[in-house]
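Enquirer:
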Amino acid sequence: MLPGHLKQPGHILIDPSVLNQKVARRILSRLANVPWSLYSDPEQQVRDIDPGGSYVLYLKHYKGRFMRFCPGTKHYQCCGYRIIHMGENCPLNCSYCILKAYFQDSVLKVWANQDDLFRELEQQFSPGSRLIRAGTGEFTDSLALESITGYSRDLVAFLSEYPGVCLELKSKIVDLTWMDRVSDPRRVLPAWSVNSPEIIRTQEQGTASLENRLRAARACADQGFRVCLHFDPIIHYPGWKQGYAKTVEVISDYLAPEEIAYLSLGSFRFMPQLEKIIFRKHPGASYIFNEFITGLDGKKRLLLPLRLEQFGFITDQLRKFGLDRQIYLCMESSYVWEKILGCTPKDLGGLDNHLLKLSFEL
Ligand code: SF4
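Per this note's numbering, numbering through the sequence shown is continuous, rising by one, with the last residue being 1096.
Next comes the structure, spelled out in structure tokens:
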């Protein structure tokens, strides 16, 4: 029985070299009635398979580097997050999802050669190496496929040997099945992206409601975890003030400020090619008609005065709730930082350093 957010794939395609990997075996046993085939013919294209109105799940032998820095930009203040790359694309369907423009195709892929992943991580996390803040929620949702892959469960179990690594699991759904494999709750940060209830309802198809995300965050806090929250993307739409005020109110119903390790604010920004995809696939997404400029990184973003107004309003609400040092801005300039938070990342010793300290409670 799959969770509500996850439709059953119509076909599973497998690279022969990963067929006996634990994660591939687990997926095949959990989806025992889904047809599968080996991807052994170089001419065969994933798109030639007819998944019968559903989608193809591709268990791939990934040959690239699993661990990498977040693809930030030198023009804005980046948080220095290290990505543990475990797959590509997402079964959820947020209208604004940047992955739709980022990857060449929308095939849902799981990097099934976990042995290679763990070998690489062992090298990266050698004893005595510096503290690392890492996460899996950059090129996919950290937990959307968890019920069939158990990937995060494997990862947190592996990381119990490495107290110098703090892992963020970022999601928009609720799955806490990884929790019982965590040996030290201080080294895992369950994280949820949050938005106004209206944006969640109309633009984040398949995701959990705000209440359910926060109920799950509460369950984590009860087990000794601190959580992270990400207001991202903040969208400018009629009624946004009431919407985001409501979000802060719901957060305060479920969590105390000290249970939040850090919280980011990120304005909606997108690669120009995403615009056409949104027009075509999400005709109700009227926020795309807002006032955008092209930023220094080539992405479009809301005009500065509008961004400042939104950041300022939400930050005020969060400060009233009791957050301060934990708030940071995602991909903004020092000028915006100064205006909104009254300091720059440099004042904090660098944003990556600041977030590392918050992650490890230093
Ligand atoms: S949850 Fe994240 S990765 Fe998945 S569709 Fe939404 S924005 Fe994209």
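Heads up, the beta-carbon is just placed ideally off N, CA and C, and yes, glycines get one too.
So, with DSSP's three-state summary, where would you put V841?
Expert: Mapped onto the sequence shown, residue 841 falls at position 107. Three-state result, V841: coil.
Enquirer: Kindly indicate the opening and closing residues of the beta strand (DSSP E) around F965.
Expert: By one-based count along the sequence shown, residue 965 stands at place 231. That run of the beta strand (DSSP E) goes 961 to 968.
Enquirer: Examine the Cβ distances between the region 742 to 753 and the region 785 to 792 and report whether three or more of them are shorter than 8 angstroms.
Expert: The region 742 to 753, when compared against the region 785 to 792, does touch it at the 8 angstroms Cβ threshold.
Enquirer: What distance in whole Å lies between the Cβ atoms of P931 and K980, which are believed to be in contact at a cut-off of 8 angstroms?
Expert: The residue labelled residue 980 in the question sits at position 246 within the sequence shown. The residue labelled residue 931 in the question sits at position 197 within the sequence shown. Correct: roughly 6 angstroms between the Cβ atoms.
Enquirer: Can you tell me the Cβ-Cβ gap for L889 and E902, rounded? I've got them flagged as a contact below 8 angstroms.
Expert: One-based indexing of the sequence shown puts residue 889 at position 155. One-based indexing of the sequence shown puts residue 902 at position 168. Not quite, the Cβ-Cβ distance comes to about 11 angstroms (not below 8 angstroms), so this is no contact.
Enquirer: Where does W1071 sit, in a helix, a strand or coil, going by DSSP?
Expert: Numbered from its first residue, the sequence shown carries residue 1071 at position 337. Three-state result, W1071: helix.
Enquirer: Assuming C1064 contacts D909 under a Cβ cut-off of 8 angstroms, what Cβ separation, rounded to an integer in Å, is found between them?
Expert: If you number the sequence shown from 1, residue 1064 lands on position 330. If you number the sequence shown from 1, residue 909 lands on position 175. C1064 to D909, Cβ: 24 angstroms. No contact.
Enquirer: Taking L999 and F1045 to be in contact with their CB atoms under 8 angstroms, please state how far apart those CB atoms are, rounded to whole angstroms.
Expert: On the sequence shown, position 265 is the one that residue 999 refers to. On the sequence shown, position 311 is the one that residue 1045 refers to. Confirmed, about 6 angstroms.
Enquirer: Please identify the residue among S1067, Q857, S829, K797 whose C-alpha is closest to the C-alpha of W845.
Expert: Translated into the one-based positions of the sequence shown, residue 845 becomes position 111. Nearest of S1067, Q857, S829, K797 to W845, Cα basis: K797.
Enquirer: On the three-state DSSP scale, how would you describe I1027?
Expert: Numbered from its first residue, the sequence shown carries residue 1027 at position 293. If DSSP states are grouped into helix, strand and coil, I1027 belongs with the strands.
Enquirer: According to DSSP, simplified to helix, strand and coil, what is K794?
Expert: The sequence position of residue 794 within the sequence shown is 60, counting from 1. Strand, per DSSP.
Enquirer: Any heavy atom of the ligand SF4 closer than 7 angstroms to the CB of K906?
Expert: By one-based count along the sequence shown, residue 906 stands at place 172. Yes, since a heavy atom of the ligand SF4 falls inside the 7 angstroms radius drawn around the Cβ of K906.
Enquirer: Please confirm whether any heavy atom of the ligand SF4 lies closer than 7 angstroms to the CB of E938.
Expert: To locate residue 938, count along the sequence shown from 1; it is residue 204. E938 Cβ: within cutoff of the ligand SF4.
Enquirer: Could you spell out where the alpha helix (DSSP H) holding V757 opens and where it closes?
Expert: Start at 1 with the first residue of the sequence shown, and residue 757 comes out as number 23. First-last of the alpha helix (DSSP H) with V757: 756 to 764.
Enquirer: So, are the CB atoms of Q937 and A1019 less than 8 angstroms apart?
Expert: Within the sequence shown, the letter at position 203 stands for residue 937. Within the sequence shown, the letter at position 285 stands for residue 1019. Result yes, Cβ atoms of Q937 and A1019 sit closer than 8 angstroms.
Enquirer: Measuring only the C-alpha atoms, how far is C804 from K756?
Expert: The residue labelled residue 804 in the question sits at position 70 within the sequence shown. The residue labelled residue 756 in the question sits at position 22 within the sequence shown. So the two alpha carbons sit approximately 28 angstroms from each other.
Enquirer: Step through the CB atoms of chain D and report whether any lies within less than 8 angstroms of the CB of F1094.
Expert: Annotation note: the requested chain D is absent from the structure, which comprises a single protein chain.
Enquirer: From the DSSP output, in three-state form, read off C954 for me.
Expert: As a working mapping, residue 954 is identified with position 220 in the sequence shown. It is helical.
Enquirer: Between the C-alpha atoms of I1074 and L1037, what's the straight-line distance to the nearest angstrom?
Expert: What you label residue 1074 is simply residue 340 of the sequence shown in a count that begins at 1. What you label residue 1037 is simply residue 303 of the sequence shown in a count that begins at 1. For I1074 and L1037, the distance between alpha carbons rounds to 15 angstroms.
Enquirer: Tell me the DSSP bridge mates of H745?
Expert: As a working note, residue 745 is residue 11 in the sequence shown. Answer by DSSP bridge pairing, in chain order: V790.
Enquirer: Report the rounded CA-to-CA distance for E1072 versus K1080, giving the unit in angstroms.
Expert: On the sequence shown, position 338 is the one that residue 1072 refers to. On the sequence shown, position 346 is the one that residue 1080 refers to. Roughly 11 angstroms separates the two Cα atoms.
Enquirer: Assign T870 to buried or exposed, taking buried as 16 or more other Cβ atoms, counted over all protein chains shown, within 10 Å of its Cβ.
Expert: Start at 1 with the first residue of the sequence shown, and residue 870 comes out as number 136. Label assigned to T870: buried.
Enquirer: Within 8 angstroms, do at least three Cβ pairs link the region 956 to 965 to the region 847 to 858?
Expert: Counting Cβ pairs under 8 angstroms, fewer than three are found: no touch.
Enquirer: Going by C-alpha distance, which of Q858, P1039, V752 is nearest H795?
Expert: On the sequence shown, position 61 is the one that residue 795 refers to. Taking only the C-alpha atoms, the option nearest H795 is V752.
Enquirer: Are the beta-carbon atoms belonging to K904 and A925 less than 8 angstroms from one another?
Expert: Counting from one through the sequence shown, the residue named residue 904 turns up at place 170. Counting from one through the sequence shown, the residue named residue 925 turns up at place 191. Result yes, Cβ atoms of K904 and A925 sit closer than 8 angstroms.
Enquirer: Thinking C-alpha only, which one of P785, G786, G787, R816 is nearest F800?
Expert: Here residue 800 is taken as the residue at index 66 of the sequence shown, counted from 1. Comparing Cα positions, the closest option is R816.
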